[in-house]
Amino acid sequence: MPRARLSPVLVLAGALAAGGAFAADPPPLVIEADRAELDERAGVGVYRGNVVAERGPLTLWAAELTIYTQAGGLQRAVAAGQPARFRRAAEDAGQQLPVTGRARTIDYRPAERRVVLNGSAELERGRSRFESERIVYRLDRNRVEAGEGGQRERVRVTIEPEPAGETSGGAGADADGDRP
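Take the sequence shown: its letters are residues -7 to 172, numbered as in this note's numbering.
As structure tokens, then:
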């Protein structure tokens, strides 16, 4: 009886999707692109053209996405575009608001639970907006770090007030949420 033989490309694709299945079983990585090049020995996959990559609540959009794996687990995903974009859905880790970002490159490192945006980086969390050449978003802490120490660049943060209808009101507030 002939044995079924798995293609090395399918094995690498499965490893990429598994992303380290023994570490609390992370969700699979699903990638769609116009073109894919996979190097099993190097543990590198390059996806080009209208790339969309999803892993749980995180979605990346890019012109090009390079995936690095080691021992069958996802180590790093680097998205490049004009701009590359990402979105983290609100349902992740009890987070109340979605987080979106864009930059020339987005470096996702799942083991470190962080997303690094480089080059004309912008990140929006709720009604707050961060702009800098470099922004680090810590997924596990829902924390934003913008700017580089020692450089002359400035960080721009915009915090929009809540609309009047969304404020909690409180003692002394009338029906419109205004204080007398």
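Note that beta-carbon positions come from the ideal geometry of N, C-alpha and C, so glycine has one too.
Rounded distance between the beta-carbons of residue j and residue i, thought under 8 Å
i: glycine 139; j: valine 147; result: 4 Å
i: arginine 77; j: glycine 93; result: 7 Å
i: glutamate 123; j: glutamate 114; result: 5 Å
i: glycine 35; j: tyrosine 60; result: 6 Å
i: arginine 117; j: valine 91; result: 5 Å
Residue i versus residue j: straight-line alpha-carbon distance, rounded
i: proline 102; j: threonine 51; result: 13 Å
i: glutamate 29; j: threonine 58; result: 10 Å
i: alanine 55; j: isoleucine 151; result: 30 Å
i: glycine 48; j: isoleucine 23; result: 12 Å
i: arginine 96; j: leucine 21; result: 22 Å
i: glutamine 74; j: asparagine 110; result: 12 Å
i: arginine 79; j: serine 112; result: 17 Å
i: asparagine 134; j: arginine 33; result: 35 Å
i: glutamate 145; j: valine 128; result: 15 Å
i: proline 155; j: tyrosine 39; result: 42 Å
i: proline 19; j: leucine 66; result: 11 Å
i: alanine 25; j: glutamate 46; result: 12 Å
i: arginine 27; j: glycine 37; result: 11 Å
For residue i, the nearest candidate out of the options (CA to CA)
i: valine 44; options: Trp53, Val36, Val38, Gly37; result: Trp53
i: leucine 131; options: Ala81, Pro153, Pro155, Arg121; result: Ala81
i: aspartate 17; options: Val38, Gly64, Tyr39, Pro155; result: Gly64
i: arginine 153; options: Ala25, Asp31, Arg121, Arg105; result: For clarity, residue 153 is proline in the given sequence; the question names arginine instead. Checking every option, the nearest Cα to that of proline 153 belongs to Arg121.
i: valine 70; options: Glu145, Asp31, Asp99, Val108; result: Asp99
i: glutamine 88; options: Gln62, Pro19, Arg119, Gly37; result: Arg119
Start-to-end residues for the beta strand (DSSP E) that takes in residue i
i: proline 75; result: 65 to 80
i: alanine 28; result: 27 to 31
i: alanine 55; result: 50 to 62
i: glycine 37; result: 36 to 47
Query raised in the report: Residue ranges of each beta strand (DSSP E) run of no fewer than 3 residues wholly in the region 87 to 158, ordered along the chain?
Result: Correct list: 91 to 101, 106 to 117, 120 to 130, 135 to 138, 148 to 151.
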